[in-house]
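J.: Heads up: the sequence shown begins at 477 in the numbering used here, then just goes up one per residue. Let me begin by handing over the structure; questions about it come next.
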Amino acid sequence: MAFTTRRGLLAACLVLALLPTASLAAEPSKPAARGGDCDLAKELPADADARSRRIACDIPLKYQSDVLIAENVGSLIRRHDMAAWLTSGELLKIGALKDFPGSPKGWLTDDRGDRVDVNYFSQDGDTLISFAQSSLHMQPFGVRGTKRLDPPRPANPREQKLMAAQTLARTQKPLYCSDTPPNLVVFDVEEDHKPQIFVFMMPPWQDDDVPMGGYTMFRMDERGERILDHYEQTRSCLNYDGKQLKKAEAFYVSHLTSAAPTMFHVFMSLQYRKPLIVFTTQNQLLWKVELGRIQLLDSDDKEYKRARKWSKRIKSEREVVPTSSDIG
Numbered sequence: 477m478a479f480t481t482r483r484g485l486l487a488a489c490l491v492l493a494l495l496p497t498a499s500l501a502a503e504p505s506k507p508a509a510r511g512g513d514c515d516l517a518k519e520l521p522a523d524a525d526a527r528s529r530r531i532a533c534d535i536p537l538k539y540q541s542d543v544l545i546a547e548n549v550g551s552l553i554r555r556h557d558m559a560a561w562l563t564s565g566e567l568l569k570i571g572a573l574k575d576f577p578g579s580p581k582g583w584l585t586d587d588r589g590d591r592v593d594v595n596y597f598s599q600d601g602d603t604l605i606s607f608a609q610s611s612l613h614m615q616p617f618g619v620r621g622t623k624r625l626d627p628p629r630p631a632n633p634r635e636q637k638l639m640a641a642q643t644l645a646r647t648q649k650p651l652y653c654s655d656t657p658p659n660l661v662v663f664d665v666e667e668d669h670k671p672q673i674f675v676f677m678m679p680p681w682q683d684d685d686v687p688m689g690g691y692t693m694f695r696m697d698e699r700g701e702r703i704l705d706h707y708e709q710t711r712s713c714l715n716y717d718g719k720q721l722k723k724a725e726a727f728y729v730s731h732l733t734s735a736a737p738t739m740f741h742v743f744m745s746l747q748y749r750k751p752l753i754v755f756t757t758q759n760q761l762l763w764k765v766e767l768g769r770i771q772l773l774d775s776d777d778k779e780y781k782r783a784r785k786w787s788k789r790i791k792s793e794r795e796v797v798p799t800s801s802d803i804g
């Protein structure tokens, strides 16, 4: 299924990106000083953050919205994925993820600004229940409030919808590049006063498996019962092993499905802690994605010569979206 409402998706992703949250990217979100701004940045609102000003100055206008969305949403899904990863580790230590009622259904994250709450669910007969919970706090950084719920609590209506969306995503068959079940991050947002749900599906990183492909985003109706659109980032799988991850100075990836790097490139740069050199074949541009930041490479950058030599061996496709890629 291809995206049929590109502008609607762009708006919805912006809603996601602007959720109140402290980014895990290296860049502060506080307003930047205006004295050194370029002309485009000076036209932004006075409270525009440092990321928005940098993008206005450093990224061509036609890609600025894509890059802003990619950086914000990529950092957001990394934050929530990390919360699930770290809280599950603490729950395992106290034995809270075993001997629970019913069959496992997964987890849901809930952003509270200064922390991300994570609830773990099972299906007990006809009832969806939360049997364990924990929180990842940002300041000071760490997991707290880890506990088994006794008795378990029934899921509230919002959680039931989000879990329905997650369950529906798991039944789909997009390109997937791991033998291990995916990690999922689920958000509910409103676009033009129309509620909807986004599900981000990521193959897990393991010691012997570093997936660079198989990432998918689903957009669903407000009940999590119908898929409206979906986006698959890659058309094939590329997996490295743990030794390659440790040795590599950077990963080089070609990208066919949008004209600029996406939130999944940003997510990978934060997860693997390695720069990604991305060649977008639609427009033959070279990008560097490092610690959540997207940079368009030019001939003055030290990585450019090597990256350009590599990219010339890759088949290019004309840019089919003249003003914006399909998604950020």
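By construction, the Cβ of each residue, glycine as well, lies at the ideal position given by its N, Cα and C atoms.
Quick one: which unbroken beta strand (DSSP E) runs of 3-plus residues sit fully inside the stretch 737 to 787? Chain order, please.
T.: Complete beta strand (DSSP E) runs here, min 3: 752 to 756, 761 to 766 and 769 to 772.
J.: Report the partner residues of TRP583 according to the DSSP bridge assignment.
T.: The sequence position of residue 583 within the sequence shown is 107, counting from 1. In the DSSP output, where bridge partners are listed per residue, TRP583 has TYR596.
J.: Restricting to runs no shorter than 3 residues, where is the beta strand (DSSP E) found entirely within the stretch 590 to 648?
T.: The qualifying runs are 591 to 600, 603 to 614 and 617 to 630.
J.: Note down the Cα distance separating ASP668 from TYR652, rounded to an integer number of angstroms.
T.: Numbered from 1 along the sequence shown, position 192 holds the residue referred to as residue 668. Numbered from 1 along the sequence shown, position 176 holds the residue referred to as residue 652. Each residue's Cα considered, the two are about 32 Å apart.
J.: Does the beta-carbon of LEU562 have 16 or more other beta-carbons within 10 angstroms, so that it is buried, or is it exposed?
T.: By 1-based counting over the sequence shown, the position of residue 562 is 86. LEU562 comes out buried.
J.: Indicate whether the contact test is met: 3 or more Cβ pairs, each with one atom in the stretch 668 to 680 and one in the stretch 639 to 648, closer than 8 Å.
T.: Verdict: yes, contact present.
J.: Does any CB atom of chain C fall closer than 8 Å to the CB of PHE727?
T.: The structure shown contains no chain C, having only a single protein chain.
J.: Using only the alpha-carbon positions, how far apart do ARG711 and ARG789 sit?
T.: As a first step, residue 711 is located in the sequence shown; it is residue number 235 there, counting from the start. As a first step, residue 789 is located in the sequence shown; it is residue number 313 there, counting from the start. Using only the alpha carbons, I get a separation of about 18 Å.
J.: Taking three-plus beta-carbon pairs below 8 Å as touching, is the stretch 524 to 534 in contact with the stretch 713 to 729?
T.: No, the stretch 524 to 534 does not touch the stretch 713 to 729.
J.: Reducing DSSP to helix, strand and coil, say where ALA508 ends up.
T.: To locate residue 508, count along the sequence shown from 1; it is residue 32. Residue placement at ALA508 cannot be trusted, given a pLDDT of 47 that sits under 50; the coordinates are not used to answer.
J.: Grab me the residues of ASP557's own chain with a C-beta within less than 7 Å of its C-beta, minus the 5 sequence neighbours each way, in chain order.
T.: Start at 1 with the first residue of the sequence shown, and residue 557 comes out as number 81. Correct list, in chain order: ASN659, VAL661 and MET678.
J.: Using the Cβ count rule (16 or more neighbours within 10 Å means buried), how would you classify ILE770?
T.: Counting from one through the sequence shown, the residue named residue 770 turns up at place 294. Per the 10 Å Cβ criterion, buried.
J.: When burial is assigned at 16 or more other CB atoms within 10 Å of the CB, is ALA522 buried or exposed?
T.: One-based indexing of the sequence shown puts residue 522 at position 46. Result: exposed.
J.: Who are PRO687's beta bridge partners in DSSP?
T.: By one-based count along the sequence shown, residue 687 stands at place 211. DSSP lists ASN715 as partners of PRO687.
J.: Would SER564 and ARG591 qualify as a contact pair, given that the criterion is a beta-carbon distance under 8 Å?
T.: Taking the first residue of the sequence shown as position 1, residue 564 is located at position 88. Taking the first residue of the sequence shown as position 1, residue 591 is located at position 115. Not in contact: SER564 and ARG591 (Cβ atoms no closer than 8 Å).
J.: Do you know how far the Cα of ASP600 is from the Cα of LYS722?
T.: As a position in the sequence shown, residue 722 is number 246, starting the count at 1. As a position in the sequence shown, residue 600 is number 124, starting the count at 1. When rounded, the distance between both Cα atoms is 43 Å.
J.: Which residue comes first and which comes last in the beta strand (DSSP E) that contains LYS670?
T.: Taking the sequence shown and counting its residues from 1, one reaches residue 670 at position 194. That run of the beta strand (DSSP E) goes 670 to 678.
J.: Using CA atoms only, rank isn't needed, just tell me which of LYS538, ASP515, LEU544 and PRO536 is closest to ASP525.
T.: Reading the sequence shown from its first residue, position 49 is the one you call residue 525. The shortest Cα separation from ASP525 among LYS538, ASP515, LEU544 and PRO536 belongs to LEU544.
J.: For THR710, report the span of its beta strand (DSSP E) as first-last.
T.: Taking the first residue of the sequence shown as 1, we reach residue 710 at position 234. Counting along the chain, THR710 falls outside any beta strand (DSSP E), and DSSP gives it neither H nor E.
J.: ILE790 by DSSP, collapsed to three states: which one?
T.: Within the sequence shown, the letter at position 314 stands for residue 790. Note: ILE790 maps to coil in three-state DSSP.
J.: Give the range of the alpha helix (DSSP H) segment to which GLU547 is assigned.
T.: Taking the first residue of the sequence shown as 1, we reach residue 547 at position 71. 540 to 569 is the span of the alpha helix (DSSP H), which, as asked, contains GLU547.
J.: Does DSSP classify GLU503 as helix, strand or coil?
T.: On the sequence shown, residue 503 is found 27 positions in, with the first residue counted as 1. For GLU503, the predicted model reports a pLDDT of 44, less than 50, meaning its position is unreliable and no value from the coordinates is stated.
J.: Hey, how far is the Cα of SER598 from the Cα of LEU746?
T.: Here residue 598 corresponds to residue number 122 of the sequence shown, with the count starting at 1. Here residue 746 corresponds to residue number 270 of the sequence shown, with the count starting at 1. Each residue's Cα considered, the two are about 30 Å apart.
J.: Taking all protein chains shown into account, do 16 or more other C-beta atoms lie within 10 angstroms of the C-beta of PRO577, making it buried, or fewer, making it exposed?
T.: The residue given as residue 577 occupies position 101 in the sequence shown. Under this definition PRO577 is an exposed residue.
J.: Could you tell me how far apart the beta carbons of LEU584 and GLN636 are, in whole angstroms, since I believe they sit closer than 8 Å?
T.: By 1-based counting over the sequence shown, the position of residue 584 is 108. By 1-based counting over the sequence shown, the position of residue 636 is 160. Going by Cβ atoms, the distance from LEU584 to GLN636 rounds to 10 Å, so no, they are not a contact pair.
J.: Please return the same chain residues whose Cβ sits closer than 6 Å to the Cβ of ASP586, not counting the five positions on each side in sequence.
T.: What you label residue 586 is simply residue 110 of the sequence shown in a count that begins at 1. These residues qualify, in order along the chain: ASP593.
J.: Quick one: what's TYR728 bridged to in DSSP?
T.: Stepping through the sequence shown from its first residue, residue 728 is reached at position 252. TYR728 pairs with ILE753.
J.: In this structure, does DSSP put ILE531 in helix, strand or coil?
T.: In the sequence shown, counting from the first residue as 1, residue 531 sits at position 55. It is helical.
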